Structure formats: C-alpha cells, structure tokens
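Just so you know, we're using the numbering used here here: the sequence shown kicks off at 297 and counts up by one. Positions of the beta carbon are idealized from the N, C-alpha and C atoms, including for glycine. It should be emphasised that the depicted structure is a prediction, and the values quoted were computed from it without experimental measurement.
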Amino acid sequence: MSLISDVSSELKNLKSDKKTLRKFGFTIAAALGVIGLLVFFVGSHSQRAFWLWGAGALFLVFGELLPASLKYIHIVWMGLAFVLGWIVSRLILSVLFYLVITPIGLIMRLFGKDPLDREIDRDAVTYWKKRESQEIKPERYEKLF
Numbered sequence: 297m298s299l300i301s302d303v304s305s306e307l308k309n310l311k312s313d314k315k316t317l318r319k320f321g322f323t324i325a326a327a328l329g330v331i332g333l334l335v336f337f338v339g340s341h342s343q344r345a346f347w348l349w350g351a352g353a354l355f356l357v358f359g360e361l362l363p364a365s366l367k368y369i370h371i372v373w374m375g376l377a378f379v380l381g382w383i384v385s386r387l388i389l390s391v392l393f394y395l396v397i398t399p400i401g402l403i404m405r406l407f408g409k410d411p412l413d414r415e416i417d418r419d420a421v422t423y424w425k426k427r428e429s430q431e432i433k434p435e436r437y438e439k440l441f
C-alpha cells in the first residue's frame, strides 16, 4: 500500500469524540509541562519554558472546557503520527532485513546449510518426502505437541 492511502484510511477510522479529545488535550498539556521543566532546569531557558507552560495550560483549559475545539489539531497531530509510523516501520523492517536476515542467509548459503532440508535435485518433480503411514488413534489428537 502507499503512504497516502494508508494514512487516509487511518484518519477515516480516527475517533474524535469528547473523551478522546479531552484525553488528547490533557496528554499534550502534560507533555508540554514536562518539556518545559526540562528546558527550565536543564536548558536554562526560563522564557522558553514559560511559553511551553502557557501552551500546555491552553491545552489543559481547552481540553477540559471545550474539547471539540481541539478536533482539527488532533486530526493534524494524528496525521503526522501516522506518517511517522509508516516511515519508521518500513525503515526498521528494511534495516532488520538487510543487516540481520540477509547476512544470516548468505552465511548459511556459504556453509551449505539448508533449513528446509531440501535435497538439491534440479530435475525433481517435488521435494515432498514420503512418510510412513501410521495407525490413527484418537489419543494422538489429545496431546499434539
């Protein structure tokens, strides 16, 4: 699937009821408060910290009193989150495949290991192995593993 179709389908299923918007407002307010604390104590930028706390207070007030006013901010924020998630998941899977799985496969091929235990016969019709037929007993199905 493509980025645009994935993100648009996620945004169509996005909940925007009062409870969700209120929770969004409180979460953003808490995050801005914590970032403001970090900027105040670690970064020594008191004016920036006050701006962050002010924005957090606005989100807190609007989340409590007028949660519907946060609807469009919530949609944009979640759209950005879906785009980031789409990109990061593909990036992580690509890195995992090319840095972990591919070298393992090349090393196994170099040493002649075949995890499927195929006998390399290019003219073979099938790689299925014949199994001896056994008497089927009902007790066999009680403990499969």
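To the nearest angstrom, how far is it from the Cα of residue i to the Cα of residue j?
i: Leu402; j: Trp424; result: 25 angstroms
i: Ala353; j: Ile369; result: 16 angstroms
i: Ser429; j: Asp419; result: 26 angstroms
i: Ser301; j: Phe322; result: 30 angstroms
i: Phe441; j: Gly408; result: 30 angstroms
i: Leu395; j: Leu380; result: 22 angstroms
i: Ile397; j: Ile383; result: 20 angstroms
i: Asp451; j: Ile400; result: Past the boundaries of the shown model lies residue 451; the chain is included only from 297 to 441, so the question cannot be answered.
i: Gly264; j: Ala325; result: Since the first and last residues shown for the chain are 297 and 441, residue 264 lies out of range.
i: Phe358; j: Thr316; result: 13 angstroms
i: Phe320; j: Leu362; result: 12 angstroms
i: Gly332; j: Val372; result: 22 angstroms
i: His341; j: Pro411; result: 58 angstroms
i: Pro434; j: Thr422; result: 31 angstroms
Measure the beta-carbon distance from residue i to residue j and round it to whole angstroms, keeping in mind my assumption that it falls under 8 angstroms.
i: Leu307; j: Phe378; result: 7 angstroms
i: Ala364; j: Leu328; result: Incorrect: roughly 20 angstroms between the Cβ atoms, too far for contact.
Looking at residue j and residue i, is the spacing between their C-beta atoms short of 8 angstroms?
i: Leu356; j: Val335; result: no
i: Ser312; j: Lys367; result: yes
i: Glu360; j: Arg318; result: yes
i: Met404; j: Leu310; result: no
Need the endpoints of the alpha helix (DSSP H) that residue i sits in, please.
i: Val303; result: Leu299 to Lys308
i: Gln450; result: Nothing about residue 450 can be reported from this structure: the residues present for the chain run from 297 to 441 only.
i: Ile397; result: No alpha helix (DSSP H) holds Ile397; DSSP gives it neither H nor E.
i: Ile432; result: Premise fails: Ile432 is in no alpha helix (DSSP H) and is neither H nor E.
i: Val338; result: It is not in any alpha helix (DSSP H) - Val338 carries neither H nor E in the DSSP assignment.
i: Ser312; result: Segment: none, Ser312 is in no alpha helix (DSSP H) and carries neither H nor E.
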